[in-house]
Amino acid sequence: MNANDSRGFGTLGDGGSTGTREAGTATLGPRVDVSLICEPPACDQRRGNGVYHHVLATVPFSTGADKQEETVGAPRSQPDVQGTDFRRRLLDGLATSIEQRGYRETTVADIVRAARTSKRTFYDHFSSKEECLVELLSANNDDLVAAVRGAVDPEAEWTEQVRQAMTAFVTTIDATPEIALSWIRELPALGQGARPMLRRGLTALTEMIVALSDSPGFRRAGVRPLSPTAAVILVGGLRELTAQTVEDGTDMGAILEPAVAVSTALLRAGT
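Quick note, the sequence shown lines up with residues 182 to 452 if you use the numbering used here.
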């Protein structure tokens with residue numbers, strides 16, 4: 182039954198009350214919602230629509246010569262809490278596998294094993310490993326931006342704000358270095374389809390840097406906000422330095438002082 186087809190559908194009540202068809206003489210029997218015996222995995226859970234479509238029982242009624250069928254009630258929607266949980270688990274499963282063996286060596290089987298679910302569930306939510314990666318990295322980039330913003334006190338001296346921002350950047354990257362490496366190395370390798378995500382991620386980081394450099398602490402010191410162009414250069418340099426550090430197995434803390442020094446120099450130059 183098509184859940185969007187409204188022909189012959191009434192309104193679903195709250196209990197087991199009966200309803201009477203206005204254009205006929207027959208009275209419908211008690212409502213029977215067979216979704217009660219349909220376990221969630223068997224229900225029609227469409228990817229991305231956020232609802233379960235419950236199967237509703239139908240009962241026959243007669244208006245005379247012809248016999249028709251009328252559905253008792255309309256489909257009832259409810260938040261797809263289980264679907265959201267599975268999606269989160271799959272993203273966490275990919276993150277775990279990337280940290281253990283790297284993205285290129287990760288398979289869908291590895292993801293579902295870490296997520297403790299099935300391949301069927303994976304393909305209910307993602308069309309491919311690549312699509313799952315894009316969503317994971319998008320969320321990871323959002324977390325990075327939030328962490329840096331949250332670590333900076335806009336009233337502090339501007340040089341201290343630079344150190345706060347770079348410390349948060351390094352600490353966040355160090356928590357999941359292989360994820361950061363995937364963002365820098367693997368995402369561009371996905372080709373044209375990944376470019377919008379790359380652009381959004383870069384824009385989010387550069388806009389954050391420009392905004393942070395326009396705080397009260399910077400204005401009191403007469404330091405001009407970093408230009409968008411200079412912010413792109415700074416982010417690009419930080420990304421490549423991060424990638425090389427992870428690839429070389431070097432401690433991420435080693436890039437903190439160089440990052441602070443370069444950022445401070447760019448801001449002093451008023452670029």
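Built from N, CA and C at the ideal position, the CB exists for glycine as well.
**Study point:** Per-residue burial, residue 449 [other beta carbons within 10 Å of its own, 16 or more giving buried]
**Key:** Working through the sequence shown from its first residue, we reach residue 449 at position 268. So residue 449 counts as exposed.
Check your understanding: Is the CB-CB distance between residue 351 and residue 437 below 8 Å?
Key -> The residue you call residue 351 lines up with position 170 of the sequence shown. The residue you call residue 437 lines up with position 256 of the sequence shown. Yes, these two residues count as a Cβ contact at 8 Å.
Point to revise | Simplified DSSP state of residue 333, which is helix, strand or coil | key: For the purposes of this step, residue 333 is taken as residue 152 along the sequence shown, with counting starting at 1. In this structure, residue 333 counts as coil in the three-state DSSP scheme.
Review point. Among residues of its own chain, excluding the 5 on either side of residue 284, which ones have a beta-carbon nearer than 7 Å to its beta-carbon?
Key: In the sequence shown, counting from the first residue as 1, residue 284 sits at position 103. Excluding sequence neighbours, residue 284 sits near 314, 363, 367.
Check your understanding: Any idea if residue 228 is buried or exposed, counting beta-carbon neighbours within 10 angstroms, 16 or more meaning buried?
Key -> Here residue 228 is taken as the residue at index 47 of the sequence shown, counted from 1. Bear in mind that the predicted position of residue 228 carries a pLDDT of just 38, short of 50, making it unreliable; the figure below should be weighed with that in mind. With fewer than 16 Cβ atoms within 10 Å of its Cβ, residue 228 is classed as exposed.
**Study point:** Neighbourhood of residue 434 by C-beta distance below 8 Å, restricted to the same chain and skipping five residues each side
**Key:** Counting from 1 along the sequence shown, the entry for residue 434 is found at position 253. Once the five neighbours on either side are set aside, the close Cβ partners of residue 434 are 351, 355.
**Study point:** Selected residue, minimal CA-CA separation from residue 380, among 336, 439, 318
**Key:** Position 199 of the sequence shown, counting from 1, holds the residue named residue 380. Residue 318 is the option with its Cα nearest to residue 380.
Review point. When you compare each of 338, 346, 311, 336 to residue 328 by their alpha carbons, which one comes out closest?
Key: Residue mapping note: residue 328 aligns to position 147 of the sequence shown, counting from 1. Measuring from the Cα of residue 328, the nearest candidate turns out to be 346.
Review point. Given residue 386, which residues of its chain have a CB within under 7 Å of its CB, disregarding the five upstream and five downstream residues?
Key: As a position in the sequence shown, residue 386 is number 205, starting the count at 1. Counting only Cβ-Cβ distances below 7 Å, and skipping sequence neighbours, we find 326, 416.
**Study point:** Alpha-carbon to alpha-carbon, residue 320 and residue 277
**Key:** As a first step, residue 277 must be located in the sequence shown, where it is residue number 96. As a first step, residue 320 must be located in the sequence shown, where it is residue number 139. When rounded, the distance between both Cα atoms is 15 Å.
**Study point:** Collapsed DSSP secondary structure at residue 406 in the structure displayed
**Key:** Locating residue 406 in the sequence shown gives position 225, counting from the first residue. The answer is coil: DSSP assigns residue 406 none of H, G, I, E or B.
Practice item. Decide if residue 281 is buried, meaning its Cβ has at least 16 other Cβ atoms within 10 Å, or exposed. Key: Numbered from 1 along the sequence shown, position 100 holds the residue referred to as residue 281. So residue 281 ends up on the exposed side.
Check your understanding: Secondary structure at residue 307, three-state DSSP: helix, strand or coil?
Key -> Residue numbering aside, residue 307 sits at position 126 when the sequence shown is read from its first letter. In the structure shown, residue 307 sits in coil (DSSP, three-state: anything other than H, G, I, E or B).
Point to revise | Sub-8 Å separation of residue 270 and residue 290 beta-carbons | key: For the purposes of this step, residue 270 is taken as the residue at position 89 of the sequence shown. For the purposes of this step, residue 290 is taken as the residue at position 109 of the sequence shown. Going by C-beta atoms, residue 270 is not nearer than 8 Å to residue 290.
**Study point:** residue 353, buried or exposed, once every other Cβ within 10 Å from all chains shown has been counted against 16
**Key:** If you number the sequence shown from 1, residue 353 lands on position 172. By the 10 Å Cβ count, residue 353 comes out buried.
Check your understanding: Quick one, are the C-beta atoms of residue 360 and residue 420 less than 8 Å apart?
Key -> Start at 1 with the first residue of the sequence shown, and residue 360 comes out as number 179. Start at 1 with the first residue of the sequence shown, and residue 420 comes out as number 239. Contact: no.
Check your understanding: So, is residue 403 buried or exposed, given that buried needs 16 or more other C-beta atoms within 10 angstroms?
Key -> Here residue 403 is taken as the residue at index 222 of the sequence shown, counted from 1. So residue 403 counts as exposed.
Exercise for review: Please state whether DSSP places residue 366 in a helix, a strand or coil.
Suggested key: For the purposes of this step, residue 366 is identified with residue 185 of the sequence shown, where counting begins at 1. Three-state result, residue 366: helix.
Exercise for review: Consult DSSP for residue 314 and reduce its assignment to one of helix, strand or coil.
Suggested key: Within the sequence shown, the letter at position 133 stands for residue 314. Reduced to three states, the DSSP call for residue 314 is helix.
Point to revise | Assigned exposure category for residue 394 - 16 Cβ within 10 Å defines buried | key: As a first step, residue 394 is located in the sequence shown; it is residue number 213 there, counting from the start. Label assigned to residue 394: buried.
Check your understanding: Taking Cβ positions, are residue 427 and residue 412 nearer each other than 8 Å?
Key -> Residue 427 sits at position 246 when you count from the first residue of the sequence shown. Residue 412 sits at position 231 when you count from the first residue of the sequence shown. Taking 8 Å as the Cβ cut-off, residue 427 and residue 412 do not qualify as a contacting pair.
Check your understanding: Between 373, 268, 440, which lies nearest to residue 349 when the distance is taken from Cα to Cα?
Key -> Taking the first residue of the sequence shown as position 1, residue 349 is located at position 168. Taking only the C-alpha atoms, the option nearest residue 349 is 440.
Check your understanding: The alpha helix (DSSP H) spanning residue 295 covers which residue range?
Key -> On the sequence shown, residue 295 is found 114 positions in, with the first residue counted as 1. Residue 295 -> alpha helix (DSSP H) spans 289–296.
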